[in-house]
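Heads up: the sequence shown runs through residues 1168 to 2068, numbered per the numbering used here.
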Amino acid sequence: MRATPLPRAEAAPARHARPTTEALDRLQSEPGGLSGAEAAGRLARFGPNTLPERGGQGLLGVVLGQFRSPLIYVLLAAAVVSAALGHGRDAVFIAVILLINAAIGALQESRAERSAAALKASLKLMALVLRDGARRTAEADDLVPGDVVLLESGMAAPADLRLLSAHQLRVDESLLTGESALVEKSADWLGTGDETVGDRRNMVFAGSAVLAGRGVGVVCATGEATQIGQVAGLLSGRDAPPPLLVRMEVFSRRIALAILALVLALGLLHLARGAGLAEVFLTATALAVSAIPEGLPVAITVALAVASLRMSRRNVVVRRLPAVEGLGSCTVIASDKTGTLTINRLTVTRIVTPDGTGFTAGGEGLGLEGAIEPIGEAAGSAAAWDSLRRLAQAAARANEAVMKFDDGAVEASGDPVDVAFKVLEAKLRGAALPPGDTGELISRIPYEPERGFRAAAHRCGEGARLSVKGAPERILAMCPPEMRAEALAAAEALAAEGYRVIAVAERMLGRPEDRLEPALEGLEFLGLAGLIDPLRPEAFEAVALCRSAGVEVRMVTGDHPATASAIARRLGMAAPEEVLTGRELAALTEPALSKRISEARIFARVEPAQKTLIVQALQDAGHFVAVTGDGVNDAPALKTAHVGVAMGASGSDVARGAADLILVDDNFASIVAGVEEGRAAYDNIRKIIWMLISTAIAEVALVALALLFDLPIPLTAVQILWLNLVTNGVQDIALAFERREPDAMARPPRPPGQPIFDRRMIGQCATNGLYAGVLGFGLFAALLFQGWTEAEARNLTLLFMVFFENVHVLNCRSETRSLFRIPLRANPWVLTAVAAAQALHVAAMYMPGVRGVLGVAPVAPAEWLMALSLAASVVLVAEAHKAVARRIDPHQGAAVLARSG
1168 MRATPLPRAE AAPARHARPT TEALDRLQSE PGGLSGAEAA GRLARFGPNT
1218 LPERGGQGLL GVVLGQFRSP LIYVLLAAAV VSAALGHGRD AVFIAVILLI
1268 NAAIGALQES RAERSAAALK ASLKLMALVL RDGARRTAEA DDLVPGDVVL
1318 LESGMAAPAD LRLLSAHQLR VDESLLTGES ALVEKSADWL GTGDETVGDR
1368 RNMVFAGSAV LAGRGVGVVC ATGEATQIGQ VAGLLSGRDA PPPLLVRMEV
1418 FSRRIALAIL ALVLALGLLH LARGAGLAEV FLTATALAVS AIPEGLPVAI
1468 TVALAVASLR MSRRNVVVRR LPAVEGLGSC TVIASDKTGT LTINRLTVTR
1518 IVTPDGTGFT AGGEGLGLEG AIEPIGEAAG SAAAWDSLRR LAQAAARANE
1568 AVMKFDDGAV EASGDPVDVA FKVLEAKLRG AALPPGDTGE LISRIPYEPE
1618 RGFRAAAHRC GEGARLSVKG APERILAMCP PEMRAEALAA AEALAAEGYR
1668 VIAVAERMLG RPEDRLEPAL EGLEFLGLAG LIDPLRPEAF EAVALCRSAG
1718 VEVRMVTGDH PATASAIARR LGMAAPEEVL TGRELAALTE PALSKRISEA
1768 RIFARVEPAQ KTLIVQALQD AGHFVAVTGD GVNDAPALKT AHVGVAMGAS
1818 GSDVARGAAD LILVDDNFAS IVAGVEEGRA AYDNIRKIIW MLISTAIAEV
1868 ALVALALLFD LPIPLTAVQI LWLNLVTNGV QDIALAFERR EPDAMARPPR
1918 PPGQPIFDRR MIGQCATNGL YAGVLGFGLF AALLFQGWTE AEARNLTLLF
1968 MVFFENVHVL NCRSETRSLF RIPLRANPWV LTAVAAAQAL HVAAMYMPGV
2018 RGVLGVAPVA PAEWLMALSL AASVVLVAEA HKAVARRIDP HQGAAVLARS
2068 G
């Protein structure tokens, strides 16, 4: 072989702008392929033909990742301080909770990754190559630049190929470009060098599916040098944190600052009163432990895990746990069109006969159940119905698709347009009936883009029947001129609605003809057919539900603007003036660029990098963005978005690897389920925070009031840890199982800048927490004044706080609805948790080892009843606060009461 340096991939313009001989020469190859030895050498030199994969974190990396949280840092600091002060039990308690949280989070992430990996096909892609001049089967991973590959119908291109020859070769590049129409390939076509990927007709790109014809191509790019590999390279861009992490980081920082200020202020006050340094440190530790919601990380992890399980039951696989809530936070869903909103299968849905009668064809894809009906009240003339049948039969004859019926199931292969007409013909004759006798095929003219039509002649008696279908302007030029103007106007009207328009005609030949070109005149026009990639049936309701929930749906596609606009109009997503094309996008600069992206609802003919630009612009405008998609071209945007949602069944491995969530059933409606569960998860997290923070406020109030009134600390640090991590920890986790609020999908998404600890949260936590803290301090002070010892007073005060948690968890089941309007059967885990918390505390009172550590002892029934009665009064405070909140926001209050009644 030549000694000239060989690049792994030609410069992009050179691939499609050079003749085949020059392409072979630059790749140092021959029409008969490489030798086995040369291929082995190049494989060692260039590496396997695989895309780079993001390495797994490993078990240690996953576990350590659970500690990367501001709140965890606060708890780690508390543990270190406790250990430094010699309170090892406190440090151990916190360390155990941190380890439990890490174990739960790591287990959930590992399960999610295994579920995502199960979606990936295990079979290796094989390729037909010429090695040593002979045809061989080889693994696609072993292909190298210069290999000569054979392509046949049904194959997937194993690498980027420069065609050397092609015969009626058509490929589906939608996975890469987003364009649903087939692309006709030609080895003789030459480009100028500046064509986009979708316009390079002498190239077949890795991942493209060969649906018709055959070809031979030389490998000019492998692995990450392919178009797919270059798109995958874009995945190294910025990775937006999920909304929950953003809010939790802000929340945690505020907690840390508040704790620091409180500990310093009260510690200095205690020191000023003459307390010793050790006593000040002990008090500061108790304050810090009481103020930090130690159980929050575990409770949030459980809440997200519960939501993840609920999502999996609704066909959504969660790859990254915080993304569970993220979908419910999103203000914009940027959705791909092909295969996401549509079924990715061309279907004949409109027919216009020569007399102007319009018909609609129901169903989509390979489904044969759709009815065919005339448009309007008219039943259609007998001539119109006859033309419809003849149109379908003629289109099925000028056809190379293969359709099979197997026990009710329909299988088809071939050009999508041909398949669509086969389905139409089957609908008209009935699926149970066999196809009519089309006669022996005499001759055919295959479809070529330059030709613009397909024709076939079949024997009919002593003569032949010539059937032709193709572009309206080409077919009508073969028909008598009197109907051309009207038919072309009808074709333009269908095209304006986003249809791909095909005209059908036929004529009888007096005798069979081997050459059909001379007979392509004087044809009888049979009508027009409008084909479109139909919307998924559930897409209408899903988009409407997103709209009612205040979530904008924007379409981002590589398809034609007219097609995208038509789909959007049917979904009620946008007006024609709200469509922005990739070419227009490329011509814009700031600030006009951001303004147009903010205004547009439909983005058509966009490149992968432009999709990422759109997502980033929406994020910069203050939106929380979710992106859906299935193709390689969607992967960079999936990764850039706050939440990436990939299709599981039809999606590419690259897209699934970049996503946070995966829709197993490729159903856009599952996104709505994800939004519902995401909002439910966030509501439940707020309930947990309400429970934990109000308890922390009560504990801080207890300690602070004792300092202010110069009384002993009402609860020791160990007792506070017992409350926060054990009795409260059992109950707050039960709130993670609450069902979603009735108005979850009737309210707009939260403003992106709204913190978790907002005005409502501050009000309800302060009201309930301060009330319980003042009441608990009053109880402790009264007991001391009655002559109880500090240990006895602490024992009953601790029991009061346990009862407060038992009662308050019922208040926290909803921030707006009365606890009396929420059936207990809706979440049996709550009652179970209350009973478990009480059982744990009672057991601690009677267990010798534990009671000594906690400083607790059994109490008399009267004292038990007194503590319970005092704690139960917090229900009145919580109910009053909810009633006031509903009066402040009457609209929300009415909605909540109406739905909960």
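All C-beta atoms in this analysis are idealised placements derived from N, C-alpha and C, irrespective of residue type, glycine included.
In this text, all values refer to a predicted model and were calculated from it rather than measured experimentally.
By the criterion of a C-beta distance shorter than 7 Å, V2023 is surrounded in its chain by N1962, L1965, A2011, M2012, once the five residues flanking it on both sides are discounted.
Put simply, the backbone Cα of E1957 is about 59 Å away from that of A1825. Residue state for G1380 is assigned as strand, using DSSP reduced to three classes. Uninterrupted beta strand (DSSP E) stretches at least 3 residues long and entirely within the segment 1657-1723 occur at 1667-1676, 1691-1699, 1719-1723, given in chain order. Here the C-alpha atom of G1360 lies approximately 19 Å from the C-alpha atom of R1772. Of R1917, C1387, V1316, the smallest CA-CA separation from H1790 is found for R1917.
DSSP places Q1335 within a strand segment (E or B) once states are collapsed to three. In this structure, the straight-line span from the alpha carbon of R1768 to that of T1730 is close to 14 Å. Under the three-pair Cβ rule at 8 Å, the segment 1349-1358 does not count as touching the segment 1290-1299. Around the beta carbon of H1334, fewer than 16 other beta carbons sit within 10 angstroms, so the residue counts as exposed. The Cβ atoms of V1515 and A1696 lie closer than 8 Å to each other. Per the coordinates, the alpha-carbon of M1478 lies some 53 Å from the alpha-carbon of L1608. Rounded to the nearest whole angstrom, the CA to CA distance from R1618 to N1834 is 38 Å.
One thing to note: F1944 has its Cβ within 8 Å of the Cβ of P1881. Buried is the label assigned to A1960, since at least 16 other Cβ atoms lie within 10 Å of its Cβ.
Bridge partners of V1590 according to DSSP: none are assigned.
Taking a cut-off of 8 Å for Cβ pairs, the segment 1872-1888 and the segment 1969-1982 do not touch, as fewer than three such pairs fall below it.
Cβ contact annotation for E1340 (same chain, cutoff 7 Å, sequence separation greater than five): E1346, V1350, G1365, F1372, S1375, in chain order. In this structure, DSSP gives M1814 an extended state, which the three-state scheme calls strand. A residue is called buried once 16 or more other Cβ atoms fall within 10 Å of its Cβ, and T1862 is buried on that count.
Rounded to the nearest whole angstrom, the CA to CA distance from N1216 to V1385 is 14 Å.
Approximately 16 Å separates the beta-carbon atoms of R1368 and D1582; this is outside 8 Å, ruling out the contact. A straight-line Cα-Cα distance of about 10 Å links R1626 and S1610.
Per the Cβ contact rule, the segment 2036-2054 is in contact with the segment 1935-1950 (3 or more Cβ pairs under 8 Å).
For L1343, the closest C-alpha among the options G1796, E1691, L1888, R1750 is that of G1796.
For T1862, the enclosing alpha helix (DSSP H) stretches over residues 1836-1875.
Between E1691 and E1673, the C-beta gap is smaller than 8 Å, which places the two residues in contact. Its chain contains K1854, L1902, E1905, L1986, I1989, N1994, V1997 as the residues whose beta carbon lies nearer than 8 Å to that of R1980, once the 5 sequence neighbours on both sides are disregarded; these appear in chain order. In the structure shown, D1787 adopts helical secondary structure according to DSSP, grouped into three states. Here H2048 carries a helix assignment [DSSP, helix/strand/coil]. A straight line joining the alpha-carbon of R1736 with that of V1746 spans about 11 Å. A Cβ-Cβ contact shorter than 8 Å links R1678 with G1630. Taking the Cα positions, K1594 is about 37 Å away from M1370.
Ranking A1836, M1675, R1517 by CA distance to the CA of A1662 puts R1517 first. For G1637, the enclosing beta strand (DSSP E) begins and ends at 1630-1637. Q1777 and G1597 have their C-alpha atoms roughly 46 Å apart.
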